[in-house]
Structure formats: C-alpha cells, structure tokens
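Residue numbers (my numbering): 5 to 158.
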C-alpha cells in the first residue's frame, strides 16, 4: 500500500508541496543562521536598495516554520472546511463524496487552478494507490505544486 498521508483531502498531492517535503523551510533556516552568523543586518541596513530588513527577516522566519505533515497526518490548516468535512464523513478525500465538487472546494480549486479537482476526478477513475504512483512519477520528473498555484485571496 502507498503512503496515503500524501493524499490531500481536497485533492492536492502533498508530495509535490514544498511544505511537506521540507526543502524550503530547511533552506530558510540555513539562510537565517548564516545571515545571523555574518551579522548581516549591519551590512543590509547600510544599503538603501536592500529594502526593509525587518520585513525580509519576518518572511524568512515564516518560511522556516512552513513544515506540514499533510492533513491526513494532522498537518495542514486546522480551520480548513474541506478537511473538517471529509474527516466528519470518514473520507480520505473528497473523491469519495457524492457531493463532489461542492462549495467547500471552490476557494482551493481557484487557488490550485483546478489541479485538485482534476486529481479528485482521477482518484475516482483509477483509485488512490494508482493515483499516488502517477503523482510520485510526476514529482520525480520535476513537477511541483507551485506550478499550479494562482495568486488569489481567500
């Protein structure tokens, strides 16, 4: 059996997400530590073109904390309406729900430019294990979730 923790309840594939893989948070931590060691604040604030150093360090701190185990394993956003609904119904993902797609999926479907909805439909077609294999293959060949993200406000 495949790692079902990689199945986002809304249809995203967690293995394609930087927060799940942990690569960006790890690099952010390394950069924060290196900048601190080099006393870089003194260097940066001496140059106007660097911009707002405090804002940059807050952003870097935020990136360093972005580690997610996926919503199957308790990660993700606790307030997520999709997560709450699928948990309540005892579903691994919305692909199991007769009401899919529903209004709970609308914002995340816009956010991921329908990628999650396509994934849910594919899970219905081929099952979770085959879908997980397909997704792992895509990620291995360079696909990342960031390719699907649209700049929207919730």
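We put the beta carbon where it would ideally sit given N, CA and C, even for glycine.
Here the structure is a predicted model, which is why all the values come from computation and not from measurement.
First and last residue of the uninterrupted alpha helix (DSSP H) at residue i
{"i": "residue 44", "result": "44–49"}
{"i": "residue 8", "result": "Careful: residue 8 lies outside any alpha helix (DSSP H) and carries neither H nor E."}
{"i": "residue 110", "result": "110–115"}
{"i": "residue 56", "result": "Where residue 56 is concerned, there is no enclosing alpha helix (DSSP H), given that its DSSP letter is neither H nor E."}
{"i": "residue 102", "result": "Note, residue 102: premise wrong, no alpha helix (DSSP H); not H, not E."}
{"i": "residue 22", "result": "22–25"}
{"i": "residue 137", "result": "132–144"}
Residue closest to residue i, alpha-carbon to alpha-carbon, out of the options
{"i": "residue 146", "options": "20, 73 and 25", "result": "20"}
{"i": "residue 117", "options": "149, 57, 9 and 38", "result": "149"}
{"i": "residue 113", "options": "55, 67 and 13", "result": "13"}
{"i": "residue 26", "options": "71, 124 and 108", "result": "71"}
{"i": "residue 66", "options": "78, 40 and 30", "result": "30"}
{"i": "residue 40", "options": "58, 51 and 108", "result": "58"}
{"i": "residue 122", "options": "99, 53 and 55", "result": "99"}
{"i": "residue 34", "options": "52, 64 and 49", "result": "64"}
{"i": "residue 83", "options": "102, 101, 93 and 108", "result": "108"}
Residues near residue i in its chain [Cβ-Cβ closer than 6 Å; skip 5 each side]
{"i": "residue 135", "result": "126 and 127"}
{"i": "residue 6", "result": "133 and 136"}
Cutoff 7 Å; reference residue i; Cβ partners in own chain excluding five residues on either side
{"i": "residue 74", "result": "9, 10, 12, 18, 24 and 80"}
{"i": "residue 28", "result": "22, 67 and 70"}
{"i": "residue 54", "result": "48"}
{"i": "residue 140", "result": "19"}
Contacts around residue i, its chain only, beta-carbon distance under 8 Å, and the 5 residues preceding and following it disregarded
{"i": "residue 96", "result": "8, 11, 13, 76, 90 and 132"}
{"i": "residue 105", "result": "98, 113, 121 and 124"}
Per DSSP, cross-strand counterpart(s) of residue i
{"i": "residue 17", "result": "11"}
Helix, strand or coil at residue i according to DSSP, with G and I counted as helix
{"i": "residue 96", "result": "coil"}
{"i": "residue 148", "result": "coil"}
{"i": "residue 89", "result": "helix"}
Any non-hydrogen atom of the ligand MN within 7 Å of residue i CB
{"i": "residue 48", "result": "Among the components modelled here there is no ligand, and therefore nothing to report on the ligand MN."}
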